[in-house]
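Below is one structure, written out as structure tokens; the observations come after it.
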Amino acid sequence: MPIVKGPQVFPRAEFLSRLAAVKSEMERLEIDTLIVGNQTDINYLTGYTAKSAYVPQALVVSLKEEEPTFVLRRQDAPAAVHLTFMDRSKVIAYPETLIGNPDKDGFDAVIDFVNELDDAPRRGIGLQLGYLSIQSAEKFKSRLPNARIVDCTYSIAWIRMIKSDLEIAMMRDAAAIADAGILKASEVIRPGVREADVIAEIVAQLARGANGKAGTDLAPLYLCSSPRTGTCHIRWSEDVIRDGSQINLEIAGIRHGYVSAIMRTFSVGAPSDRLRRLHDAEVLGLEAAVASARPGATCSDVANAFYRTIEKSGFQKDSRCGYDIGIDWSEPCCASLQDGDMTVLKPNMTFHLMLGNWVDEDFGYIISETIRVTDSGCEVLTKSPRQLFEL
């Protein structure tokens, strides 16, 4: 029995609207075919969330076709039929003989398909060169020798930065899941409990979701405890939590690929004076950054509102204050909340306002929110208390 089309996360009109924006950019670049290899861009244009990008696959967008064509490994093709909005005829499965083959791979199947399209040799073709290995990029160029190749690595990413109202609703749901994870953490972080058991409880909550809506994926989680609070991207340890420990926790909720992230700091017992002063300064800085995030302001304006505020309390932060977020945790670095980034904020841009501050090798503090730029200001999607959790 053939696999059936699954419930669609977004209506067909939503995907066609996104494709229309991409095709408008293709016309501007004078290309008739765009080969999309980035898995989050494929998600954006089709609804496909399966994790199959560890082997070559690509979405082919043609100006002549309403729907794109997805070329991927045969065993993953049923997932594409099930998850995407397209007709099953738009899913092309390549054979297993292209897996583990030193001479040919799935990109050869993509190129074969492109070469079968009308006027392929004369057409301008967009490639996301930044996501291809040197060897794969050369393969496309050598097997499409008469095509004018245009680098479109970030063309879709810039379009994705402005979310639709339906995408914003999805990110609100993801934010509620992230908040539920923080609440669960405040319940289970206790002296004598293994860090691994704390993470297990948080992961279970992130999967269960919030408000009747399940989490649909898990992002990396970071639990940095004393004396490791001066770093940011290590996982939990095999230690147990002790009296006097500080816990820095970074998690995210996910709904159908859309991510809302949050960071909070926990103190088991009374926090040190230094930690409390840094927390108070960072909360003031966070409020200043949120107040400055509005249409017409720049990423640099938001970052400097934070930097200038905490400097008044005698603190500094030498890392950026955040980045664009949406599908996947970090979108492809089109905009960064840091001094000198003059990207202008527009309504329905979303950011992880990430105010982690790793001061010394053995001391750091974190707090963050996922935010949305509105027509007149800023909406904070995550709602957890901006407190230093004392447990």
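The numbering of the sequence shown is my numbering, which starts it at 167 and goes up by one. Backbone N, C-alpha and C fix where the C-beta goes; we use that ideal spot for every residue, glycine too.
Give the range of the alpha helix (DSSP H) segment to which residue i is assigned.
i	result
T212	205-212
V434	Taken as a continuous stretch (DSSP letters only), V434 belongs to no alpha helix (DSSP H), as it is neither H nor E.
Q504	That residue, Q504, is in no alpha helix (DSSP H); it is neither H nor E in DSSP.
C398	Careful: C398 lies outside any alpha helix (DSSP H) and carries neither H nor E.
T475	465-477
L195	178-195
E353	331-354
R552	Looking at the DSSP string, R552 is not in any alpha helix (DSSP H), and its letter there is neither H nor E.
A275	272-282
Opposite residue i in the DSSP bridges: which residues?
i	result
G123	The structure shown does not extend to residue 123, since the chain spans only 167 to 557, so no value can be given for it.
L519	G488, E535
T199	S228, I291
I315	I291
C499	None; C499 has no bridge partner.
A376	K379
Y424	R421, I493
M429	E416, S534
Checking 8 Å against the spacing of the C-beta atoms, do residue i and residue j come in under that value?
i	j	result
L310	I291	yes
C465	S411	no
Q223	L200	no
G203	Y297	yes
A226	V276	Looking at the sequence itself, residue 226 is Val, so the reference to Ala does not match. Cβ distance < 8 Å, so V226 and V276 count as in contact.
S426	A340	yes
G375	D409	no
M118	M327	No answer is possible for residue 118: the residues shown for the chain start at 167 and end at 557.
I343	G419	yes
V188	L211	yes
L264	R442	no
Which residue marks the beginning of the beta strand (DSSP E) containing residue i, and which one marks its end?
i	result
L293	290-293
V226	224-228
S391	388-391
L238	235-239
V257	257-260
A418	412-421
E545	544-546
With a threshold of 16 other CB atoms inside 10 Å of the CB of residue i, please say whether the residue is buried or exposed.
i	result
T548	buried
D331	exposed
E527	exposed
V510	exposed
G488	buried
S542	exposed
P498	buried
S534	buried
P393	exposed
Q294	buried
P261	exposed
L185	buried
N377	exposed
D207	buried
Compare the C-beta of residue i against all C-beta atoms of chain D and say whether one is closer than 8 Å.
i	result
R443	Considering every chain present, this structure includes no chain D. It has just one protein chain.
My assumption, with CB atoms under 8 Å, is that residue i sits in contact with residue j. Please give the rounded CB distance.
i	j	result
E556	P437	7 Å
L521	G451	7 Å
W402	L389	4 Å
V364	V354	5 Å
P513	P461	6 Å
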